[in-house]
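Asker:
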Amino acid sequence: MKRDLLDVDDLSRDELERVLDLSLVKDHATPLAGCGAALLFEKPSARTRASTEMAVVQLGGHPVTLKNDEIGIDTREPAEDLARLFSGYVSFIGARVFAHSKIERLAANASIPVINLLSDDSHPVQTLADLLTIRSEFGTTQGIRVAYVGDSNNVARSLAIGCSLLGLDCVVSSPDGYTFSKKDLDHLGVVGAIPEQISDPHHAVADTDVIYTDAWYSMGQEEE
Numbered sequence: 000m001k002r003d004l005l006d007v008d009d010l011s012r013d014e015l016e017r018v019l020d021l022s023l024v025k026d027h028a029t030p031l032a033g034c035g036a037a038l039l040f041e042k043p044s045a046r047t048r049a050s051t052e053m054a055v056v057q058l059g060g061h062p063v064t065l066k067n068d069e070i071g072i073d074t075r076e077p078a079e080d081l082a083r084l085f086s087g088y089v090s091f092i093g094a095r096v097f098a099h100s101k102i103e104r105l106a107a108n109a110s111i112p113v114i115n116l117l118s119d120d121s122h123p124v125q126t127l128a129d130l131l132t133i134r135s136e137f138g139t140t141q142g143i144r145v146a147y148v149g150d151s152n153n154v155a156r157s158l159a160i161g162c163s164l165l166g167l168d169c170v171v172s173s174p175d176g177y178t179f180s181k182k183d184l185d186h187l188g189v190v191g192a193i194p195e196q197i198s199d200p201h202h203a204v205a206d207t208d209v210i211y212t213d214a215w216y217s218m219g220q221e222e223e
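First residue of the sequence shown? That's 0 in numbering that gives the first Met the number 0, and the numbers climb one at a time after it.
1. From what residue to what residue does the beta strand (DSSP E) around residue 172 run?
2. How close, in whole Å, do the beta carbons of residue 188 and residue 163 come, if the pair is a contact with beta carbons under 8 angstroms?
3. State the start and end residues of the unbroken beta strand (DSSP E) segment that holds residue 63.
4. Are residue 95 and residue 41 close, meaning C-beta to C-beta below 8 angstroms?
5. Verify whether the separation of the beta carbon atoms of residue 91 and residue 114 is less than 8 angstroms.
6. Closest to residue 77 by C-alpha separation, out of 35, 106, 130, 5, would be which residue?
7. For residue 21, which beta-bridge partners are listed by DSSP?
8. When the Cα atoms are used, what is the spatial distance from residue 57 to residue 138?
9. Would you grab the beta carbon distance between residue 63 and residue 45 for me? Rounded to a whole angstrom, and I think it's under 8 angstroms.
10. For residue 19, which residues in the same chain have their Cβ closer than 7 angstroms to its Cβ, ignoring the five residues on either side in sequence?
11. Check whether the Cβ atoms of residue 6 and residue 111 sit closer than 8 angstroms, and answer yes or no.
12. Give the range of the alpha helix (DSSP H) segment to which residue 179 is assigned.
13. May I ask you to report which of helix, strand or coil DSSP gives residue 212?
14. Rounding to the nearest angstrom, what Cα-Cα distance links residue 207 and residue 155 in this structure?
15. Taking the Cβ atom as the reference point for each residue, do residue 146 and residue 102 lie within a distance shorter than 8 angstroms?
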């Protein structure tokens, strides 16, 4: 049965710990030998694209990267058709999209695993990298306090879930008008991951082990 990674809570705590354990191993085997990966970028990317391509290569696979002008999700072809098409070509799909519903539709129609490389709702691979950085620095995630300062966006949502799964304390400080929406809080509440929210950033970062900042505005919100 195939598995997808659309947000961090698609992994159990034990699975997330195992991912971090494996990521700390310096000399990897090549489990992706002979495998292709379709990396679909509706949203522009520098860091996520480069790191994902290199990860596939280092694990023995071959990345096939396609930008929005080449795939045109729901303009040239529906997400459903693309999912079925690439299921016959490659071993898994990674996609960076705007609407989270697109990644869900890709996953629902693909017979191969789909990994969310970013959507408007979540950024699970970023959170995996962040948790790995914390684990590498402190040797543990238990009892670590993380303060996130910035827009309560996809990165903040996924970070809150990841921290909850691994026992980190998470505090989020966002300016007025950029705090979590009711929809976000409802979802975070369901998975038991509502972070402490403090409007004053100076108060938020006091007595924390890790200070995390993101872009001052999210992609697509430049005019705001």
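Think of the CB as a built atom: it goes at the ideal place given N, C-alpha and C, for glycine as much as any other residue.
Answerer: On the basis of the supplied data:
1. 168 to 172
2. Going by Cβ atoms, the distance from residue 188 to residue 163 rounds to 11 angstroms, so no, they are not a contact pair.
3. 61 to 66
4. yes
5. yes
6. 106
7. The partner list for residue 21 (beta bridge, DSSP) is empty, contrary to what the question assumes.
8. 24 angstroms
9. Going by Cβ atoms, the distance from residue 63 to residue 45 rounds to 18 angstroms, so no, they are not a contact pair.
10. 130, 131, 134
11. no
12. Neither: residue 179 is in no alpha helix (DSSP H) and is coded neither H nor E.
13. strand
14. 16 angstroms
15. no
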